[in-house]
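Working notes, structure below.
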Amino acid sequence: MTSAWRLNGALISLVLLLILVSLMVGPSGLPPRTALVALWSGDGVAGTIVRDIRLPRTLLAALIGATLGLSGAALQGLFRNPLAEPAVFGAPQAAAAAASFVIAFGLSSATSLTVAVAGILGALASVGALVLIAGRRTSLTVVLLAGFALASFAGAATALILNLAPNPFIALEIAFWLLGSLEDRSRDHLLIAAPFMLASWIVLAMPARAFRALTLGEDAAASLGVNLKRVRLMVVGGTALGVGAAVAVAGAIGFVGLVAPHLVRRFVQHDPARVMLPGALAGAALLLTADITVRLVPSAIELKVGVVTALIGVPFFLSMIFGERRSLEGPSA
Amino acid sequence: MTDTLLTASHVSVQRGGRTIVHDVSLTLRANELVALVGPNGAGKTTLIKALAGLLPARGTIAIDGRALSTMPAPERARNLAYLPQGHDFSWPLPAAQIVALGRYPHADPFSRVSQRDRDAVAHALDITGTTALADRIVTTLSGGERARVALARVLATQAPILLADEPTMSLDPLHQFLVMALLRKAAQADGAALVVVHDLALAARYADRVVVLDHGCVVADDTPDIALSRDRIAQVFGVEADIVANDGLSLPLVRGPL
Chain A
1 MTSAWRLNGA LISLVLLLIL VSLMVGPSGL PPRTALVALW SGDGVAGTIV RDIRLPRTLL
61 AALIGATLGL SGAALQGLFR NPLAEPAVFG APQAAAAAAS FVIAFGLSSA TSLTVAVAGI
121 LGALASVGAL VLIAGRRTSL TVVLLAGFAL ASFAGAATAL ILNLAPNPFI ALEIAFWLLG
181 SLEDRSRDHL LIAAPFMLAS WIVLAMPARA FRALTLGEDA AASLGVNLKR VRLMVVGGTA
241 LGVGAAVAVA GAIGFVGLVA PHLVRRFVQH DPARVMLPGA LAGAALLLTA DITVRLVPSA
301 IELKVGVVTA LIGVPFFLSM IFGERRSLEG PSA
Chain B
1 MTDTLLTASH VSVQRGGRTI VHDVSLTLRA NELVALVGPN GAGKTTLIKA LAGLLPARGT
61 IAIDGRALST MPAPERARNL AYLPQGHDFS WPLPAAQIVA LGRYPHADPF SRVSQRDRDA
121 VAHALDITGT TALADRIVTT LSGGERARVA LARVLATQAP ILLADEPTMS LDPLHQFLVM
181 ALLRKAAQAD GAALVVVHDL ALAARYADRV VVLDHGCVVA DDTPDIALSR DRIAQVFGVE
241 ADIVANDGLS LPLVRGPL
């Protein structure tokens, strides 16, 4: 118990430190004191930079990172497997496809509630379809194959929308936004996405104890009084809310949900319930770090944070598949 | 006068359009261990899952005269503990945590662990001889150790009714005896146990009553010597058996195919 709180305490300190660093770093570097004073008073150029430009971006990175970490941990708890994660199930890809459809055909501007709702519906369609296809007694192989198919389908849908986009500028806008980025995100973006993400935290955290019971398998968990239908619905709904809203404002950012819980799992003795909070905190720390990194790398155009998380996350995913080869080869996981 | 803990009347279960369990009626009375035997595909697992409330079934299943289908899940879980086949664990948790999951239906809304919970877990670890394994990671344990931890989890619930699906599967003879003796002991503390067993001699040795299932139907429900007669074993299992007297019991010894 105490070791878990020490871990959470350390992670909270790390997230706060990274938030401070994130407020300091950018084209005009600010020392910690100046950044804090500017945040507090909001005076002058420093105030504008910190409050209007860096704060929304920083808070979005923390909230989205935590949401992705938490939804990864919840999907892993539901599927009883460390390889589950929103991006593997095509959730961000589907959310991006739905959101770009709305933008491409002029149904909405990029900073409106409509995009967030479209993103949520897209994510809901993909995660819901995956849970329906996988059904009970999910073998890992079926889940991964179905996830691959859904992600590919969402990718194809997005390509079609780009293909048919009425004007090339919109296509360019969509393409950049699909790469996943927190650049130039405003308070409006924050206000659109935050309520959905906070709601998703509540929905995803509620079945935590059921995830622990699921260690015994679905039948034994059900016999202990776990309402599997309700747990599935909450994980699907929570993931869709959180990931859909995150994608709607920041584009597709993948693999944080895979990496974050994995990094902290051993510190909570692999308990699928107790991994939720540190998994969310680690997700926030990871995305903050990635977003700080893209601002520090010297390049003419800022790197996209979604590209960075994928470049790190995919090899990580492959190495985890390597570790899970035996259960993948077996008839069921 | 015996107390009936669980009553199943005219239970039928359909899966994938096929009727797997046909019009089964059986009772579990206080202090008895009932063995459920039958050839592969007879519907034993389906029946025991239906009795545990995990599969939709026609007919009625009642605990203490109350229909299982109308009972809230946590209350059902406090009255009836179910041990599935296999003893596989998805996460490498310490054994004590696995056993503590048996207290899941007793948790208060704030999921605090009470002294009763701790006592129940300690007792379950103790009687299954797994106290020394409490801090070990379950996925690293041997088959026999895992089976005992899984059994400790079921016993930690302290539910009066135990339903165990092949708890002795892939265990060595000593562990088979240990597991059956523990289930009988748990049943004799005012509980009742229904245990799927493949080894007919093991069933005859430990069961107060044997229910023989064939093609989804109950073909015998009686004391072991009557339920597991030479003729019935030949008819249901297609094997020739000798009935051997041992310790005052009649144990079927399978000789070979008919």
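In the order they appear, the protein sequences are chains A and B.
This note's numbering numbers the first residue of the first sequence as 1 and each following residue consecutively.
This note's numbering numbers the first residue of the second sequence as 1 and each following residue consecutively.
Glycine residues also receive a C-beta, built at the ideal position from the N, C-alpha and C atoms.
In this text the structure is predicted, and so the values were computed from the model without any measurement.
Beta carbon proximity, glycine 330 of chain A to chain B, threshold 8 Å: Since pLDDT at glycine 330 of chain A reaches only 48, below the 50 mark, its modelled position is unreliable, and no value is offered.
Chain A partners of arginine 58 of chain B, CB-CB under 7 Å? Result: empty, since nearest Cβ-Cβ is about 20 Å, beyond 7 Å.
Can you name the residues of chain B whose CB is closer than 7 Å to the CB of proline 272 of chain A? Trp91
Take isoleucine 202 of chain A and list the residues in its own chain whose beta-carbon comes closer than 6 Å to its own, dropping the five residues that flank it on each side. none
Apply the 10 Å Cβ neighbour rule to lysine 304 of chain A and answer buried if 16 or more other Cβ atoms are within range, or exposed otherwise. buried
Starting from the C-beta of leucine 59 of chain A, find all residues in its chain whose C-beta is less than 7 Å away, skip the five residues before and the five after it, and write them out in chain order. Within the same chain, leucine 59 of chain A has close Cβ partners Leu190.
Would histidine 10 of chain B be called buried (16 or more neighbouring beta carbons within 10 Å of its own) or exposed? Per the 10 Å Cβ criterion, exposed.
So that I know if they touch, is there some Cβ in chain A lying closer than 8 Å to that of isoleucine 63 of chain B? no
Rounded to a whole number of angstroms, what is the C-alpha to C-alpha distance between proline 92 of chain B and serine 142 of chain B? 13 Å
Leucine 258 of chain A versus methionine 320 of chain A - alpha carbon distance: 10 Å
Going by alpha carbons, who is nearest to alanine 246 of chain A out of A/Glu324, A/Ala260, A/Ala205, A/Val117? Of A/Glu324, A/Ala260, A/Ala205, A/Val117, the residue nearest in Cα terms is A/Val117.
In angstroms, rounded to a whole number, what distance separates the CA positions of alanine 241 of chain B and valine 24 of chain B? Inter-residue distance for alanine 241 of chain B and valine 24 of chain B is about 26 Å (C-alpha atoms, whole angstroms).
Note down the Cα distance separating glutamine 176 of chain B from leucine 26 of chain B, rounded to an integer number of angstroms. Straight-line Cα distance between these residues: approximately 25 Å.
For asparagine 163 of chain A, which three-state DSSP category applies? If DSSP states are grouped into helix, strand and coil, asparagine 163 of chain A belongs with the helices.
Would a C-beta distance cut-off of 8 Å place alanine 248 of chain A and glycine 119 of chain A closer than the cut-off? yes
On the premise that proline 32 of chain A lies in contact with leucine 20 of chain A, defined as a C-beta separation below 8 Å, what is that separation, rounded to the nearest angstrom? 6 Å
Between alanine 164 of chain B and alanine 35 of chain B, which are expected to be in contact by the criterion C-beta below 8 Å, what is the C-beta distance as a whole number of angstroms? Rounded, the Cβ-Cβ distance is 10 Å, inconsistent with contact.
Closer than 9 Å by beta-carbon distance: list the chain A residues that pair up with lysine 44 of chain B, in chain order. Within chain A, no residue comes near lysine 44 of chain B; the closest Cβ sits about 14 Å away, beyond 9 Å.
Kindly give me the distance between the Cβ atoms of leucine 214 of chain A and glycine 77 of chain A, rounded to whole angstroms, as I take these residues to be in contact under 8 Å. 6 Å
What does asparagine 227 of chain A touch in chain B if you count any residue whose Cβ is under 7 Å from its own? Ala73
If you reduce the DSSP assignment to three classes, tell me which class valine 254 of chain B lands in. Of the three classes helix, strand and coil, the one that applies to valine 254 of chain B here is strand, per DSSP.
Closest by C-alpha distance to leucine 75 of chain A, when choosing among A/Ser28, A/Ala97, A/Arg212: A/Arg212
Could you please give the first and the last residue of the uninterrupted beta strand (DSSP E) stretch that includes histidine 22 of chain B? 18-29
Assuming the contact rule is C-beta atoms closer than 8 Å, alanine 104 of chain A and isoleucine 192 of chain A should be a hit. Round their C-beta distance to whole Å, please. Not confirmed; about 19 Å, so no contact.
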